[in-house]
Amino acid sequence: RTLRSIYSNTLEVPGPKERLQILDMTGLQDEGQGPESMSLWSRTVTLAKACLDISKQQGKWTSKPPGPPALPPVSVDVWVDLFVNSTSYGVLKDALQINSYNALRLRCRDFRAEELSIASTVGLLEFLDPVGVRQVDLRFNNLGLSGLRVVLPHLTKFTNLASLKLPYSNVDVRRLTVGMEGSLQYFANQLSRLRCLKELNLGSSRLSGKLRLLLGDLQSPLESLELAFCYLLPNDLAYLSQSLHTPALKKLDLSGNNLSDCLLQPFQGLLMEAAPTLLHLDIMECRMMDTHLNVLLPAICRCSRLRYLGVFGNPISAKGLKNLLHKTVGLLDLKLVIYPYPVDCYGDDLPWPPTSSNLLNGNVDEEKFFRVSNELQQMLLSANRADVTWTTNLCRHNSLDFFSL
């Protein structure tokens, strides 16, 4: 009703220069559980239904000669971030189909799709404005290399695409057939056509040994790279540390890769190269113990601009955490650290070395943890760093978004 009122009011304003032409609804957050709050998914559905409703009412406001629908005397471009899944696909597709002649037109900035078929994904991408889209986020869509081969050509039309997220795409290069080798090369070629790409998320794809192939032909450096749970090999990190991307990196996520073994030294070298620009570092669930963290601390401390550090899910002791705090307290831009429950706060039945699952599901002695938490807070206060948040809570504190870096 509000959007219909906005459109109706534009018809009553005498001067065309005074009429509303653009309504920017991008950047609205999902936080908040109040009665007035709406999720991104709900806003997408509501806006799509409003467009369809206004299209039906359009004939009452304008003459409608035979043939194609008449162009409205006034149109409003509504810039939005869209989130669609299988249950909302139909209504959004219907709304986008009438964009060209509707009085209320959806213009997408950031597009996110979950659990859609390949055909449905392509169908929606075809209706999006080629210039306006800056981010495409396709997750849980089970695309695989064959599906990516179909979808990626449709992304190259987005001339200002800066962020591409393809987590949980069911890609595994460890058992490549001849046909899959060709699809992987095609994937790399299509990525290289995205001239404005600055952020890439390939999380939970098994990319062992293939980073050079995938990233080597990109024409400009990435500033955000998310490779969580990608089963990386030492040669992947060795390539990355010498690539054009590392000196430009602001955000790096290597969570879920085993940094406690043969990746430790290559990662240390990568971190040293990225230190001047790095703002956000995620190394959660990387099996790092105190000894591994001590090896990395000199490189972490060189990241003088670091704002966010995630080390949750690693088997680190209270002593190791205190050492981490002591060494990083001099990083004046560091505002948020997500740290793990110390291993010495778990029960005696904790296996050693513990897996991420052991740490997530193990029993924590709340009294012991409360004491450690208080000690960490006291250390921050003593160092005059009350501006830093140290927390084990993953949900209350969002990681830095690339466009806000």
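Following our numbering, the numbering of the sequence shown begins with 37 at its first residue and continues without gaps. Glycine is no exception: its CB is placed at the ideal position from the N, C-alpha and C atoms.
Proximity winner among the options, relative to residue i (alpha-carbon distances)
i, options, result
"Leu396", "Leu417, Arg407, Thr428", "Thr428"
"Gly180", "Lys129, Ser392, Leu238", "Leu238"
"Glu150", "Leu142, Asp173, Ser260, Asn138", "Asp173"
"Met308", "Gln226, Ala284, Ser277, Asn294", "Ser277"
"Asn206", "Thr192, Ser199, Phe439, Arg185", "Arg185"
"Asp289", "Ser260, Ala84, Leu332, Pro376", "Ser260"
"Tyr375", "Thr123, Asp385, Arg79, His433", "His433"
"Cys144", "Ala422, Arg175, Leu202, Leu197", "Leu197"
"Asn359", "Tyr344, Leu342, Arg343, Pro378", "Pro378"
"Ala311", "Leu142, Leu254, Arg341, Met61", "Arg341"
"Leu436", "Leu345, Thr62, Val120", "Leu345"
"Ile154", "Gln93, Phe176, Val112", "Phe176"
"Leu280", "Asn294, Lys234, Phe265, Leu263", "Lys234"
"Thr313", "Leu333, Leu230, Leu441, Gln94", "Leu441"
"Arg343", "Phe406, Leu83, Trp426", "Trp426"
Span of the beta strand (DSSP E), counted from its first residue to its last, around residue i
i, result
"Leu56", "Unbroken run through Leu56: none, as it is neither H nor E."
"Gln171", "171 to 175"
"Asp119", "Note on residue identity: the sequence assigns Phe, not Asp, to residue 119. Element bounds for Phe119: 112 to 120."
"Leu372", "372 to 374"
"Leu200", "199 to 201"
"Leu345", "344 to 346"
Cα-Cα separation, residue i to residue j
i, j, result
"His316", "Asn178", "28 Å"
"Ala419", "Val365", "7 Å"
"Asn410", "Thr157", "49 Å"
"Gly68", "Glu217", "Residue confidence is low: Gly68 scores 48 on pLDDT, short of 50, so the model does not pin down where it sits. Its coordinate-derived value is still stated next. Looking at the two C-alpha atoms, the distance is approximately 45 Å."
"Asp318", "Leu161", "31 Å"
"Trp115", "Lys355", "50 Å"
"Asn380", "Pro257", "Strictly speaking, residue 380 in this sequence is Asp, with Asn absent from that position. Their backbone Cα atoms lie some 42 Å apart in a straight line."
"Leu338", "Val110", "In the sequence as presented, Leu is not what sits at residue 338; that position holds Arg. C-alpha separation (whole angstroms): 56 Å."
"Leu268", "Gly252", "16 Å"
"Ile58", "Pro166", "18 Å"
"Gly245", "Gln413", "41 Å"
"Gln171", "Arg55", "29 Å"
"Ser241", "Leu249", "15 Å"
"Ser228", "Leu64", "31 Å"
"Leu357", "Leu285", "26 Å"
"Ser296", "His328", "6 Å"
"Cys298", "Tyr382", "27 Å"
"Asn138", "Leu273", "50 Å"
"Arg141", "Cys87", "7 Å"
"Asn350", "Asn294", "10 Å"
"Val169", "Val127", "20 Å"
Helix, strand or coil at residue i [DSSP, three-state]
i, result
"Tyr222", "helix"
"Gln69", "Interpretation of Gln69 is limited by its pLDDT of 48, a score under 50 that renders its predicted location unreliable; no figure is taken from the coordinates."
"Ile352", "coil"
"Arg432", "coil"
"Arg141", "strand"
"Asp423", "coil"
"Glu217", "helix"
"Asn394", "helix"
"Gly159", "helix"
"Arg323", "coil"
"Ser244", "coil"
"Arg338", "coil"
"Leu314", "coil"
"Asn410", "helix"
"Leu360", "helix"
"Val127", "helix"
"Ala149", "strand"
"Val81", "helix"
"Val400", "strand"
"Asp208", "strand"
"Asp165", "coil"
"Asp60", "strand"
Where the alpha helix (DSSP H) containing residue i begins and where it ends
i, result
"Glu259", "Unbroken run through Glu259: none, as it is neither H nor E."
"Tyr275", "270 to 278"
"Asp289", "From DSSP, Asp289 is part of no alpha helix (DSSP H) but of the beta strand (DSSP E) over 287 to 289."
"Leu524", "Lying before the first or after the last residue shown, residue 524 is absent from the chain, which here runs from 37 to 441."
"Arg185", "180 to 187"
Chain B within 8 Å of residue i, Cβ atoms only
i, result
"Glu411", "No chain B appears in the structure shown, which is made up of a single protein chain."
> On the three-pair Cβ rule with 8 Å, is the region 289 to 305 touching the region 316 to 328?
Replying inline: Taking one beta carbon from each stretch, the region 289 to 305 and the region 316 to 328 have 3 or more pairs nearer than 8 Å; the two touch.
> Can we say the region 388 to 403 touches the region 366 to 373, given the rule of at least three CB pairs closer than 8 Å?
Replying inline: As far as the Cβ criterion goes, the region 388 to 403 does not touch the region 366 to 373, which means the pair count is below three.
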